[in-house]
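Asker: Just passing along the structure, written as structure tokens.
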Amino acid sequence: MRSILQDFTPEFLKILNKDKIFWFDGWREYKQNKPKIIREYEKLENLNNEKIKKYLGEIKRKDLDMFKQYWENNFLQIKKDIVMKLSRNSEYFQLKRGDFVVYVTGLLGLKPFYYIETYYGTVILIDAFYHFLNNIDIRKTVENAILKFINENPVNSKKALFAKLLSQIEKYIYDNNNIYKVMEKIVKILYENVDYYNWVGFYLTDDKDKNLLILGSYLGEPTEHIKIPFGSGICGQAASTKNTFVVQDVTKETNYLSCSDKTKSEIVVPIIDKNGNVFGELDIDSHKLEPFTVEDTQFLEEIISLFVKKFL
Numbered sequence: 002m003r004s005i006l007q008d009f010t011p012e013f014l015k016i017l018n019k020d021k022i023f024w025f026d027g028w029r030e031y032k033q034n035k036p037k038i039i040r041e042y043e044k045l046e047n048l049n050n051e052k053i054k055k056y057l058g059e060i061k062r063k064d065l066d067m068f069k070q071y072w073e074n075n076f077l078q079i080k081k082d083i084v085m086k087l088s089r090n091s092e093y094f095q096l097k098r099g100d101f102v103v104y105v106t107g108l109l110g111l112k113p114f115y116y117i118e119t120y121y122g123t124v125i126l127i128d129a130f131y132h133f134l135n136n137i138d139i140r141k142t143v144e145n146a147i148l149k150f151i152n153e154n155p156v157n158s159k160k161a162l163f164a165k166l167l168s169q170i171e172k173y174i175y176d177n178n179n180i181y182k183v184m185e186k187i188v189k190i191l192y193e194n195v196d197y198y199n200w201v202g203f204y205l206t207d208d209k210d211k212n213l214l215i216l217g218s219y220l221g222e223p224t225e226h227i228k229i230p231f232g233s234g235i236c237g238q239a240a241s242t243k244n245t246f247v248v249q250d251v252t253k254e255t256n257y258l259s260c261s262d263k264t265k266s267e268i269v270v271p272i273i274d275k276n277g278n279v280f281g282e283l284d285i286d287s288h289k290l291e292p293f294t295v296e297d298t299q300f301l302e303e304i305i306s307l308f309v310k311k312f313l
């Protein structure tokens, strides 16, 4: 069974390492480790800094200490029970969908769970601290939250695919230190698994001319655009502005460098190193009109984020 359940509660409980007057600083550090998830949680609860400080101030250290002790003593068994129940009823819980995952963590104790939309699917976010405070069995909440989600949401096959591919790419990036082999692998995974990614390649900033892109690893039909100046075409514009460019119909783009008559649309994600310099970009052409959605943008930007974190 895929790894559907992850526990981040220990990261939340690091807040106990600080005096209570500094718990808000601890919350911000916690948020830095899971920025997208916690940011969306704050939006759902309409939380600003003052509200967060208020809720943190209402939490008793004694309750948080007791919660930590309870979680350290019981979570392994709780997780075992949940995983066993889900695995024995995998069809009932539709685990093969691949478009949702369960995150258990500590939050502010406001509600039992939330649905957080991400590029790789829906995160069912369970507040373990809420369950401790209210003496509620978290096992049953996980089951009910999954059932509610699958009953109310049709399968998102794109998110399921992207989640699978992102997992493969993340593992390959983590396990390999050769930047060029990693780029080749990313190209291969995207080209072979996403049917409307008809040309996939990297352009890298030239070592001598920092305003020139040089073609790197790619799969698809050969291109005459081996070198592209910054600002020229969609690739050059993405490099010069440092922004992702999504063009759903290339015939409507005045500054477009035609690579093939078959190309109908294009998405380009710039690669910006930690110093703010353009290392290169990931370029994808499609033979379909308007194939790209926000999921594509988020998926590809996350790949580049992982790449930058490892190598740049």
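Numbering (this note's numbering), first residue to last: 2 to 313. C-beta atoms are modelled at their ideal positions from N, C-alpha and C, and glycine is treated no differently.
1) Take every Cβ of the region 276 to 285, pair it with every Cβ of the region 144 to 164, and state whether three or more of those distances are shorter than 8 Å.
2) Can you confirm whether the region 33 to 45 touches the region 55 to 63 when touching is taken to mean that 3 or more C-beta pairs between the two stretches lie within less than 8 Å?
3) Over the uninterrupted alpha helix (DSSP H) stretch that includes serine 306, give me the two end residues.
4) Once DSSP output is grouped into helix, strand and coil, what is the label at valine 128?
5) Measure how close the beta-carbons of glutamate 291 and aspartate 262 come, nearest whole angstrom, since I'm counting them as under 8 Å.
6) To the nearest angstrom, how far is the alpha carbon of tyrosine 192 from that of leucine 166?
7) Just mark threonine 119 as buried or exposed, buried being the case when its beta carbon has 16 or more other beta carbons within 10 Å.
8) Please report the Cβ distance between tyrosine 104 and phenylalanine 9, rounded to the nearest whole angstrom; I am assuming they are in contact, meaning their Cβ atoms lie under 8 Å.
9) I need the straight-line Cα distance from serine 158 to phenylalanine 101, nearest angstrom please.
10) What number of angstroms, rounded off, separates the C-alpha of lysine 253 from the C-alpha of serine 241?
11) Is there a Cβ from chain D that is less than 8 Å from the Cβ of glutamate 225?
12) Identify the residues that DSSP records as bridge partners of arginine 271: which are they?
13) Let me know if serine 4 comes out buried or exposed under the rule of 16 or more other beta-carbons within 10 Å of its beta-carbon.
14) Extract the residue ranges of the alpha helix (DSSP H) inside the region 216 to 253, only unbroken runs of 4 or more that lie entirely within it.
15) Using the three-state DSSP reduction, which class does glutamine 95 fall into: helix, strand or coil?
16) Quick check: isoleucine 79 and arginine 29, are their CB atoms within less than 8 Å of each other?
17) Please list, in chain order, all residues of the same chain as glycine 1 whose beta carbon is under 6 Å from its beta carbon, the five residues on each side excluded.
18) Tell me whether isoleucine 39 sits in a helix, a strand or coil according to DSSP, three-state version.
19) Assign methionine 2 to one of three DSSP states: helix, strand, or coil.
20) Using the C-alpha atoms, what's the distance from lysine 310 back to leucine 96?
Answerer: Reading from the atomic positions:
1) no
2) Contact fails: fewer than three Cβ-Cβ distances are below 8 Å.
3) Against the sequence shown, residue 306 aligns to sequence position 305. Per DSSP, serine 306 belongs to the alpha helix (DSSP H) from 295 to 312.
4) Taking the sequence shown and counting its residues from 1, the one referred to as residue 128 is at position 127. Checking the displayed sequence, the identity of residue 128 turns out to be aspartate instead of valine. Aspartate 128 falls in the strand class under three-state DSSP.
5) The residue labelled residue 291 in the question sits at position 290 within the sequence shown. The residue labelled residue 262 in the question sits at position 261 within the sequence shown. Their Cβ separation, rounded to whole angstroms, is 18 Å, which puts glutamate 291 and aspartate 262 out of contact at 8 Å.
6) Taking the sequence shown and counting its residues from 1, the one referred to as residue 192 is at position 191. Taking the sequence shown and counting its residues from 1, the one referred to as residue 166 is at position 165. Cα-Cα distance, rounded: 11 Å.
7) Within the sequence shown, the letter at position 118 stands for residue 119. Around the beta-carbon of threonine 119, 16 or more other beta-carbon atoms lie within 10 Å, marking it buried.
8) Here residue 104 refers to the residue found at position 103 of the sequence shown. Here residue 9 refers to the residue found at position 8 of the sequence shown. The pair is a contact, with the Cβ atoms about 6 Å apart (cut-off 8 Å).
9) Here residue 158 is taken as the residue at index 157 of the sequence shown, counted from 1. Here residue 101 is taken as the residue at index 100 of the sequence shown, counted from 1. The straight-line gap from Cα to Cα measures roughly 11 Å.
10) The residue labelled residue 253 in the question sits at position 252 within the sequence shown. The residue labelled residue 241 in the question sits at position 240 within the sequence shown. Computed Cα separation, rounded: 20 Å.
11) Any reference to chain D falls outside this structure, which holds one protein chain only.
12) Working through the sequence shown from its first residue, we reach residue 271 at position 270. In the sequence under discussion, the amino acid at residue 271 is proline, which differs from the arginine named in the question. In the DSSP output, where bridge partners are listed per residue, proline 271 has Glu282.
13) Against the sequence shown, residue 4 aligns to sequence position 3. By the neighbour-count rule (16 or more Cβ atoms within 10 Å), serine 4 is not buried but exposed.
14) 234 to 242
15) Start at 1 with the first residue of the sequence shown, and residue 95 comes out as number 94. Three-state DSSP puts glutamine 95 in coil, outside helix and strand.
16) By 1-based counting over the sequence shown, the position of residue 79 is 78. By 1-based counting over the sequence shown, the position of residue 29 is 28. No, they are not a contact pair.
17) A question about residue 1 goes unanswered here, because the residues of the chain that appear run from 2 up to 313.
18) Mapped onto the sequence shown, residue 39 falls at position 38. Helix at isoleucine 39.
19) The count along the sequence shown starts at 1 and reaches residue 2 at position 1. Annotation note: pLDDT 45 at methionine 2 (below 50); position unreliable, coordinate value reported separately. The answer is coil: DSSP assigns methionine 2 none of H, G, I, E or B.
20) Mapped onto the sequence shown, residue 96 falls at position 95. Mapped onto the sequence shown, residue 310 falls at position 309. The straight-line gap from Cα to Cα measures roughly 30 Å.
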